[in-house]
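Novice: Following this message is one structure expressed as C-alpha cells.
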Amino acid sequence: MSLAPHPVTGQPFESPVPPGTGWPGDSATAATPVARTAAQAHALACTSPDVAELDARVTVCRACPRLVEWRETVATRGRRASFADQPYWGRPGAGFGDPEAEVLVVGLAPAANGTNRTGRMFTGDRSGDWLYAALHRAGYASQPQSLASGDGLTLRGMRIVAAVRCAPPGNKPTTAEKATCAHWLDRDLELAAPRLRSMLALGSIAWDATLGSARRLGWQVPRPKPRFGHAAEAVLTTPEGRAVRLVGSYHVSQQNTFTGKLTEAMLDAAVARLGQV
1259 MSLAPHPVTG
1269 QPFESPVPPG
1279 TGWPGDSATA
1289 ATPVARTAAQ
1299 AHALACTSPD
1309 VAELDARVTV
1319 CRACPRLVEW
1329 RETVATRGRR
1339 ASFADQPYWG
1349 RPGAGFGDPE
1359 AEVLVVGLAP
1369 AANGTNRTGR
1379 MFTGDRSGDW
1389 LYAALHRAGY
1399 ASQPQSLASG
1409 DGLTLRGMRI
1419 VAAVRCAPPG
1429 NKPTTAEKAT
1439 CAHWLDRDLE
1449 LAAPRLRSML
1459 ALGSIAWDAT
1469 LGSARRLGWQ
1479 VPRPKPRFGH
1489 AAEAVLTTPE
1499 GRAVRLVGSY
1509 HVSQQNTFTG
1519 KLTEAMLDAA
1529 VARLGQV
C-alpha cells in the first residue's frame, strides 16, 4: 500500500482515498451505501434525506464500470508528474458549497488531475482558477483560488454540482453514463428547489442535463427546448410556482479561455445575472 501526504494537512492517504479516513470535506464513511448499478444510483439518490448524505453517496458510487476504472487508473498509475508526490482522491466528485444555496452552478464532469485529484469541484486546475476568481469577484467565494481540499475556501449562497460526477476518459462521458449520473443531479435540484433562485450551466452538456432534470422533476420548461449559448437564458418554473432563472455560459475550459472564446468580462456578466431578480 502506497501512501502520500495531503498537500494541506500532511496526513498520509492511499490513492484512491478510502471513505471515512479523514480527507478534508469527505462526508462519506465506510458505512455509506454504495450504488453499483444505475437502478441503485436512482434509489440511493431519491432517498438521500439532505445534501450531506447525497454528497456522501455520490462519492462512493461505482455504477459506471468504465468511469470507475478510469478514475482509479489515473489515481494510481496515471498521475501527472507535477502531482506524483500527492495522494489522488480517485472517487466521484461531490457537490461543493452552501447546503442552503439559492444558486447552483452545474459543470460538466471532474477533471482527471483536478477534482479527481483534490476531491473538490473545480479545484486544482486552470478551469477552477477561472471559475473561483469570478465567483470571488461576485461575492460568492471567500477567496479567489481553489488549490486543494482543506485550503479554507467556502461559498456563500452557492453550491457547485456537475452533470457527471466521475472524470471521464477524454472528457467525454457516454450517453448511458450521463443518464446514470442524472439521478444525482435530479436530487440536487429537488433538495435546492424550495429556495432556488437561479442556476448557471457551464457548457451545453450541463445546460441539457439541467433542463432534463427539471423536466423529470415536473418543472415547467419552455418549448421548444431553450438553446444553449453564452448568456442564453431560460425561466423554469417549479411545481410550487417558483421561477428559476437558468443562465448559460461557455465552459471555463482552457480550450475556451486560452482562445478568448470566453473572457473574464463575459464570465463576470453571466455570473452577475444569477443575482438579479
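According to this note's numbering, the sequence shown is numbered sequentially starting from 1259. Idealized CB from N, CA, C, for every residue including glycine.
(1) Is Pro1426 buried or exposed, if buried means 16 or more other CB atoms sit within 10 Å of its CB?
(2) Can you name, in chain order, every residue of its own chain whose Cβ lies under 6 angstroms from the Cβ of Arg1500, other than the five neighbours on each side?
(3) Whole alpha helix (DSSP H) runs in the region 1415-1480 with 4 or more residues, listed along the chain?
(4) Starting from Ala1489, follow its DSSP beta bridges and name the residues at the other end.
(5) Between which two residues does the alpha helix (DSSP H) harbouring Arg1503 extend?
(6) In whole angstroms, give me the CA-to-CA distance for Gly1410 and Thr1267.
(7) Below 8 angstroms on the Cβ atoms is my contact criterion, and I expect Leu1532 with Val1502 to pass it. Report the Cβ-Cβ distance as a whole number of Å.
(8) At 4 residues or longer, what runs of the alpha helix (DSSP H) sit wholly inside the region 1369-1416?
(9) Could you check the C-alpha separation between Glu1448 and Phe1380 for me, to the nearest Å?
(10) Going by beta-carbon coordinates alone, are Arg1378 and Ser1400 separated by less than 9 angstroms?
(11) In whole angstroms, what is the alpha-carbon distance linking Gly1355 and Tyr1390?
(12) From the DSSP output, read off the bridge partner residues of Gly1365.
(13) Leaving out the 5 sequence neighbours to the left and right, which residues in its chain are closer than 6 angstroms to Val1363 when beta-carbon positions are compared?
(14) So, using beta-carbon positions, are Arg1337 and Arg1375 closer together than 9 angstroms?
(15) Skipping 5 residues on each side, what residues in its chain have a beta carbon closer than 6 angstroms to that of Ala1370?
(16) To the nearest angstrom, how far is the alpha carbon of Glu1360 from that of Thr1495?
(17) Buried or exposed, going by whether 16 or more other CB atoms sit within 10 Å of the CB of Gly1348?
(18) Please state whether the Cβ-Cβ distance between Pro1452 and Trp1477 is less than 9 angstroms.
(19) Between Ala1303 and the rest of its own chain, which residues show a CB-CB distance below 6 angstroms, the 5 nearest in sequence each way excluded?
(20) To the nearest angstrom, how far is the alpha carbon of Phe1486 from that of Asp1313?
(21) Going by Cα to Cα distance, which pick from Ser1404, Ala1527, Trp1465 and Thr1334 is closest to Ser1492?
(22) Identify which residue in Pro1482, Arg1329 and Leu1325 has its Cα closest to the Cα of Thr1438.
(23) Which residues in the same chain have their Cβ closer than 7 angstroms to the Cβ of Arg1474, if we skip the five residues on either side of it in sequence?
(24) The alpha helix (DSSP H) with Trp1328 in it runs from where to where?
(25) Answer with buried or exposed for Thr1373, where buried requires no fewer than 16 other C-beta atoms within 10 angstroms of its C-beta.
(26) Using beta-carbon positions only, say whether Glu1522 and Ala1392 come within less than 9 angstroms of one another.
Specialist: Answer, in terms of the structure:
(1) The count along the sequence shown starts at 1 and reaches residue 1426 at position 168. Burial call: buried.
(2) Counted from its first residue, the sequence shown places residue 1500 at position 242. Here the set comprises nothing.
(3) Counting whole runs of 4 or more residues, the region 1415-1480 contains the alpha helix (DSSP H) stretches 1433-1450 and 1462-1474.
(4) Against the sequence shown, residue 1489 aligns to sequence position 231. Its beta-bridge partners do not exist; DSSP assigns none.
(5) On the sequence shown, residue 1503 is found 245 positions in, with the first residue counted as 1. From DSSP, Arg1503 is part of no alpha helix (DSSP H) but of the beta strand (DSSP E) over Ala1501 to Ser1507.
(6) Against the sequence shown, residue 1410 aligns to sequence position 152. Against the sequence shown, residue 1267 aligns to sequence position 9. When rounded, the distance between both Cα atoms is 12 angstroms.
(7) Working through the sequence shown from its first residue, we reach residue 1532 at position 274. Working through the sequence shown from its first residue, we reach residue 1502 at position 244. So it is not a contact: roughly 11 angstroms between Cβ atoms.
(8) Listed in chain order, the complete alpha helix (DSSP H) runs (minimum 4 residues) inside the region 1369-1416 are 1373-1376 and 1384-1395.
(9) Translated into positions along the sequence shown, residue 1448 becomes position 190. Translated into positions along the sequence shown, residue 1380 becomes position 122. Cα to Cα, the separation comes out at about 23 angstroms.
(10) For the purposes of this step, residue 1378 is identified with residue 120 of the sequence shown, where counting begins at 1. For the purposes of this step, residue 1400 is identified with residue 142 of the sequence shown, where counting begins at 1. When the beta-carbon positions are compared, Arg1378 and Ser1400 stay at least 9 angstroms from each other.
(11) The sequence position of residue 1355 within the sequence shown is 97, counting from 1. The sequence position of residue 1390 within the sequence shown is 132, counting from 1. Between Gly1355 and Tyr1390, the C-alpha separation is close to 12 angstroms.
(12) For the purposes of this step, residue 1365 is taken as residue 107 along the sequence shown, with counting starting at 1. DSSP output for Gly1365 lists Ala1420 as bridge partner(s).
(13) Taking the sequence shown and counting its residues from 1, the one referred to as residue 1363 is at position 105. So the qualifying residues of the chain are Ile1418 and Leu1458.
(14) For the purposes of this step, residue 1337 is taken as the residue at position 79 of the sequence shown. For the purposes of this step, residue 1375 is taken as the residue at position 117 of the sequence shown. Remark: C-beta atoms of Arg1337 and Arg1375 approach each other more closely than 9 angstroms.
(15) Taking the sequence shown and counting its residues from 1, the one referred to as residue 1370 is at position 112. Spatial neighbours of Ala1370 in its own chain (CB-CB distance under 6 angstroms, excluding positions within 5 residues in sequence) are listed in chain order as Val1332 and Ala1425.
(16) Here residue 1360 refers to the residue found at position 102 of the sequence shown. Here residue 1495 refers to the residue found at position 237 of the sequence shown. Rounded to whole angstroms, the gap between the alpha carbons of Glu1360 and Thr1495 is 15 angstroms.
(17) Taking the first residue of the sequence shown as 1, we reach residue 1348 at position 90. Flag for Gly1348 reads buried.
(18) Position 194 of the sequence shown, counted from the first residue, corresponds to residue 1452. Position 219 of the sequence shown, counted from the first residue, corresponds to residue 1477. Against a cut-off of 9 angstroms, the Cβ pair of Trp1477 and Pro1452 comes out as no contact.
(19) As a working mapping, residue 1303 is identified with position 45 in the sequence shown. Excluding its 5 nearest sequence neighbours in each direction, Ala1303 has C-beta neighbours in its own chain below 6 angstroms: His1441, Trp1442 and Arg1445, listed in chain order.
(20) If you number the sequence shown from 1, residue 1486 lands on position 228. If you number the sequence shown from 1, residue 1313 lands on position 55. Their Cα atoms are separated by approximately 28 angstroms.
(21) By one-based count along the sequence shown, residue 1492 stands at place 234. The sequence shown places Ala at residue 1492, not Ser. Out of Ser1404, Ala1527, Trp1465 and Thr1334, the CA that lies nearest to the CA of Ala1492 is found in Trp1465.
(22) Walking along the sequence shown from the start, residue 1438 turns up at place 180. When C-alpha distances from Thr1438 are compared across Pro1482, Arg1329 and Leu1325, the shortest belongs to Leu1325.
(23) One-based indexing of the sequence shown puts residue 1474 at position 216. Taking Arg1474 as the centre and dropping the five residues before and after it, the same chain places the C-beta of Asp1444 closer than 7 angstroms to its C-beta, in chain order.
(24) The count along the sequence shown starts at 1 and reaches residue 1328 at position 70. Looking at the DSSP string, the run of the alpha helix (DSSP H) that includes Trp1328 is Pro1323 to Thr1334.
(25) Locating residue 1373 in the sequence shown gives position 115, counting from the first residue. Counting Cβ neighbours within 10 Å, Thr1373 comes out buried, since at least 16 surround it.
(26) Numbered from 1 along the sequence shown, position 264 holds the residue referred to as residue 1522. Numbered from 1 along the sequence shown, position 134 holds the residue referred to as residue 1392. With contacts defined as CB atoms closer than 9 angstroms, Glu1522 and Ala1392 qualify as a contacting pair.
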